[in-house]
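Below is one structure; the comments refer to it alone.
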Amino acid sequence: MEVELSNLSKKFGDVVGVEALDLDIHDGEFVAFLGPSGCGKTTTLLMMAGIYRPTTGTIRFGDRIVNQLQPRDRNIGMVFQSYALYPHMTVFGNITYPLKLKKVPRQEQQRRVEAAAETMGIAHLLDRRPAQLSGGQQQRVALGRALVKEPDILLFDEPLSNLDARLRLTMRGEIRSLQKRLGITAIYVTHDQVEALTMADRIAVMNLGRLQAFATPDDLYERPPTKFIAGFVGNPPMNFLDIEFAQENGTLQLRSESLELGLPPEFAAAAAAADGAVTFGIRPEDIILDDNGPVSGEVFVVEPLGRDDLLDIIVGTEHFLLLADPKRKSRAGDRVRLSFDMTRAHFFDPRSELALSWK
Amino acid sequence: MQANLTAYGFMAPAGLLVLLFFFLPVLIVLYLSLTNLASANFTSNLAEMEFIGLRNFQTLLNDQFAKKIFFNTIFYVMSTLALFNVTAALIVSLLTAHINRRAGFVFRALWILPRITTSTVYILIWRRMMAEAPFGIINQVNTALGWPTWNYGAENPWVFVILVNGFIGISFGMIIFTSAIESIPADLMNASLVDGSTYLQRIRHVTLPLLRWPLLFVVTYQSLSLLTSFEQILLLTDGGPGLYRTEVWALTAFHRALSNYFGNTQWGYGSAFAVVLVIIGVILAVVYMRVFRFDELVAEPRIEVL
Ligand SMILES: Nc1ncnc2c1ncn2[C@@H]1O[C@H](COP(=O)(O)OP(=O)(O)OP(=O)(O)O)[C@@H](O)[C@H]1O
Ligand SMILES: [Mg+2]
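Protein chains in written order, with this note's numbering: chain A, 23 to 381; chain B, 268 to 573.
See below:
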């Protein structure tokens with residue numbers, strides 16, 4: 023089912039929950055809503071579910087405007103962060119509940135619940151109550167309850183945030199493959215960027231109630247359209263630095279208090295668009311420890327991450343984060359030389375925070 | 268040992284109060300119920316009081332009106348509880364939980380008025396309402412509409428006794444139920460709607476089952492407090508009209524022991540009524556604790572959530 027949100031806003035008195043949201047979601051697509059706490063992800067989801075009435079704008083499912091429809095008429099399945107299982111019903115009762123309300127014949131109820139339980143691997147738990155289940159099992163029951171009524175659209179509100187890291191990893195894969203197999207349009211709210219990047223076909227990045235970008239994970243990572251996205255997507259985060267462009271002997275250069283680097287000619291347009299100060303961004307993996315590198319610095323902090331060491335390096339007065347091979351046994355105080363892969367540099371207007379190199 | 272002493276030390280003031288203002292009076296009443304103390308056979312000398320064993324209770328058993336009063340009491344407690352203290356309170360809570368928050372608050376505040384109005388004033392209003400034509404307000408409305416007038420006080424005293432007490436009783440359950448409804452997680456309520464319920468279905472399948480403990484608590488507490496309440500009935504009908512039409516047990520205890528009924532204040536006999544009430548109350552409390560497993564009710568969170 024296609025979903026289209028246009029000019030969707032929700033205000034709670036003076037508080038803006040969501041502001042003028044436009045979004046086109048394809049049939050069968052897996053879309054993640056990514057953004058920091060309080061940016062309006064849940065509010066958007068609850069408007070789609072029919073719990074909140076939009077202040078302005080329309081919500082379209084397929085070719086139907088659903089603004090006026092009650093939740094029960096929207097044929098959606100929803101998985102909540104708290105799982106929201108009915109504590110007084112058994113697992114079977116929880117999963118049948120949507121079917122009971124739809125007045126599905128008893129035998130078919132039985133069959134469909136058993137099928138859903140089978141899919142979710144909880145067939146042996148049907149007689150238990152939610153309080154007698156582990157978090158992961160509750161999560162599966164919640165998913166089973168959302169799936170059993172064969173919804174057109176699945177809504178997830180941070181469904182994995184209460185699980186441990188390992189279980190989160192398996193559930194990610196399961197949810198994703200289940201959704202692909204059933205071909206249900208899914209909208210998945212998360213503030214975990216790894217979840218969004220690994221699961222979603224496209225990611226809607228939100229901040230302060232507004233849509234910042236709506237693009238594929240690759241696009242967001244490679245060509246972040248705003249400084250907010252550049253900083254929010256990617257871990258460890260992108261390094262930012264205030265610089266100015268300069269021309270020297272016909273070559274383009276980047277200059278800051280403590281750094282002077284040559285730039286490839288493709289940034290000429292960005293340099294032309296810039297007006298004085300510019301924010302330069304570079305990801306930790308694009309700065310390389312290189313004994314012949316043009317820049318010298320000193321290791322300030324070493325944070326072992328297991329596969330890599332995260333180094334905080336001081337160049338003049340600036341700090342850069344970068345990743346190093348643990349075999350180097352870097353230690354604070356080491357003198358190092360760096361080279362920057364400037365083909366992967368990002369530039370932003372410091373006032374509008376928009377990217378200068380691409381739109 | 269030291270810690271125990273400290274604990275007892277902290278409990279002592281409350282314990283002393285209970286001892287002084289509950290156990291001691293009960294003991295005194297118990298003793299009085301075994302005497303013939305009454306204004307007819309007592310002048311000013313306590314020594315004239317006679318210990319007569321269980322004779323008061325024997326009299327009570329053979330009292331031709333005691334049985335009627337007993338069933339009056341059961342009728343009064345059950346109807347008020349079923350119609351108002353539980354059902355109406357639940358309806359008001361559910362209703363106000365589903366409307367605009369501020370409107371809900373105002374509506375609930377209205378229902379607290381009967382509880383906080385001085386009982387004499389409150390009863391005065393009701394007596395004005397139910398009075399005979401041409402004085403009573405309801406009868407004035409009847410007249411204006413061309414309907415027959417009616418002597419409510421004489422014809423339907425129970426209706427008014429129950430209404431008067433019910434209106435007071437609503438607020439207690441209402442407050443308990445409302446706070447319980449509001450503490451049901453929003454996700455759970457939303458999940459039910461998304462799963463396809465109407466608001467009514469949600470009340471039936473989700474809200475009410477989650478209100479099980481608060482419901483039991485209100486039934487327990489309110490039945491015990493109705494059993495011992497009598498001041499509204501005293502002020503409204505004084506147990507009448509006629510002989511004991513709306514007389515309840517607690518009111519009889521008052522009439523016999525503390526008001527000059529039939530020109531003879533029977534402290535001893537009235538105490539016997541009071542003692543029966545205390546015994547019934549204690550038995551009921553124990554039964555409730557067993558049946559409803561009150562200890563769990565108190566120990567667990569008020570509503571069952573994950
Ligand atoms: N019922 C409400 N009444 C008033 N304000 C609300 C209500 N619901 C949300 N808000 C406000 O709207 C904004 C967006 O909230 P929302 O719950 O959508 O954030 P979120 O992106 O889901 O955050 P989180 O990641 O913490 O769940 C917040 O500023 C929040 O305070
Ligand atoms: Mg949220």
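The C-beta atom is built at its ideal place from N, Cα and C for all residues, glycine as well.
Predicted, not measured: the structure shown is a model, and the values here were computed from it.
With DSSP run on the structure shown, which of helix, strand or coil describes residue i?
i	result
A/D264	strand
A/G272	coil
A/G157	helix
A/I310	strand
A/R224	strand
A/N29	strand
B/R569	Because B/R569 sits at a pLDDT of 45, beneath the cut-off of 50, its placement in the model cannot be relied upon, and the point is left open.
A/D334	strand
A/T301	strand
A/M100	strand
B/V431	helix
B/Y511	coil
A/G62	coil
B/V353	helix
A/T248	strand
B/T519	helix
Could you tell me whether any Cβ in chain B is nearer than 8 Å to the Cβ of residue i?
i	result
A/H213	no
A/D73	Reading off the sequence shown, one finds Ile at residue 73 of chain A, where the question assumed Asp. Judged by the 8 Å Cβ criterion, A/I73 is in contact with chain B.
A/R134	no
A/L376	no
A/F102	yes
A/L204	no
A/Y119	yes
A/K381	Residue placement at A/K381 is flagged as unreliable, the pLDDT there being 44, under the threshold of 50; the coordinate-derived value follows with that caveat. No, its Cβ sits nowhere closer than 8 Å to a Cβ of chain B.
A/R305	no
A/A106	yes
A/R94	yes
A/K124	yes
A/L169	no
A/I81	no
A/A98	Looking at the sequence provided, one finds Ile at residue 98 of chain A rather than Ala. At least one chain B Cβ lies under 8 Å of A/I98.
A/L189	no
Counting only beta-carbon separations shorter than 8 Å, does residue i have a partner in chain A?
i	result
B/L477	yes
B/M461	Before going on, a small fix: residue 461 of chain B reads as Val here, not Met. Yes, because at least one Cβ of chain A sits closer than 8 Å to the Cβ of B/V461.
B/S446	no
B/V473	yes
B/A370	no
B/P452	yes
B/S464	yes
B/N457	yes
B/Q468	yes
CA-CA distance, residue i and residue j?
i	j	result
A/I251	A/E282	26 Å
B/T519	B/F372	39 Å
B/L573	B/N418	Residue placement at B/L573 is poorly supported in this model, since its pLDDT is 45, which falls under 50; the coordinates still yield a value, given next. Approximately 55 Å between the Cα atoms of the pair.
A/F322	A/A354	5 Å
B/R569	A/A153	Reliability fails at B/R569, whose pLDDT of 45 lies under 50, so the model's placement of it is uncertain and no value is given.
A/V300	A/S59	28 Å
A/L30	A/K249	24 Å
A/K125	B/T410	52 Å
B/I366	B/Y298	55 Å
A/N382	A/M260	Beyond the ends of chain A as shown, which are 23 and 381, falls residue 382 of chain A; an answer cannot be given.
A/L332	A/N257	11 Å
A/L45	A/L191	28 Å
A/D371	A/A235	17 Å
A/V25	A/F83	5 Å
A/A208	A/V88	17 Å
B/Q489	B/N352	7 Å
B/N323	B/V543	11 Å
Any idea which residues DSSP pairs residue i with across the strands?
i	result
A/T80	A/S28
A/F34	A/V37
A/S318	A/R359
B/Y466	In the DSSP output, where bridge partners are listed per residue, B/Y466 has none listed.
A/V53	A/I209, A/R224
B/I448	DSSP, once it has assigned bridges, lists no residue as partnering B/I448.
A/P326	A/D331
A/G284	A/Q275
Beta-carbon of residue i versus every beta-carbon of chain C: anything under 8 Å?
i	result
A/H110	The question asks about chain C, but that chain is absent: this structure's protein chains are A and B.
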